[in-house]
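Numbering (my numbering), first residue to last: 149 to 338.
Since the structure comes first, as structure tokens, the remarks are kept for the end.
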Amino acid sequence: MLLLAAPVAAHELVIYTVINNDEGPQPAHLPEDALKVGDSVWFWMKDSTENASLVIELSKDGATVRSPTLVYECALDENGSLVDKNCKNRFDFTFSTNATIGLWNISYMTSINGSLSETISGSVTINQDLHLDANHTHDDGTQSQIVESNGSTDNSTIQIVAIFVAVLSAVGLGILLFNNEKKTDPLEEE
């Protein structure tokens, strides 16, 4: 039995890092083609301003996701464990479903001593993850055009060659087995 399967590949998942320091988020606006469905963004609070905290808010089409309050550093005990289990300095968000495709608005809300002091706006565009074939890469530009123009011809030629080689191998194996049965042991003839 001969099984032929067309190779299919997804993009490698990407984790994009945004660092919020004393100058604000770096970058506030993520590159338009940087992320696809399944990718994640890690928002780090690295603003060492005294008593500063950060809340990240992502919104799209009326849906809103809010981070917990992020601080510059969390106290650790002598074993390296968090003293306060609720203390966070990073917020991770994964754009896990097709419902996340499109433009998301990001609000970076910085507070000092618990009072909102600054809000910076940003954005991220989540692109569809197209599973074309093994030639698909994270950049959908020219690579997908090459696949569309050459893909079907190359695959059918490879399949024909593979079938021909399989049939030829089966015939050769049959001839070897048939000839082996006709031969007798040279010692039996004497």
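For glycine and all other residues, C-beta sits at the position ideal for the given N, C-alpha and C.
Put simply, the backbone Cα of asparagine 169 is about 59 Å away from that of isoleucine 308.
Judged by beta-carbon spacing, valine 189 lies beyond the 8 Å limit of threonine 248, meaning their Cβ atoms are not closer than that value.
The Cβ atoms of isoleucine 260 and alanine 211 do not sit closer than 8 Å to each other. Within the model, the alpha-carbon separation for methionine 193 versus alanine 314 is close to 60 Å. Taking the Cα of aspartate 240 as reference, the smallest distance to any Cα among Gly250, Val203, Gly228, Ala318 is reached at Val203.
In the DSSP assignment, asparagine 169 falls within the unbroken beta strand (DSSP E) covering 163-169.
Per DSSP, the unbroken beta strand (DSSP E) holding valine 189 starts and ends at 188-193.
When the Cα atoms are used, lysine 233 and leucine 178 turn out to be separated by approximately 30 Å.
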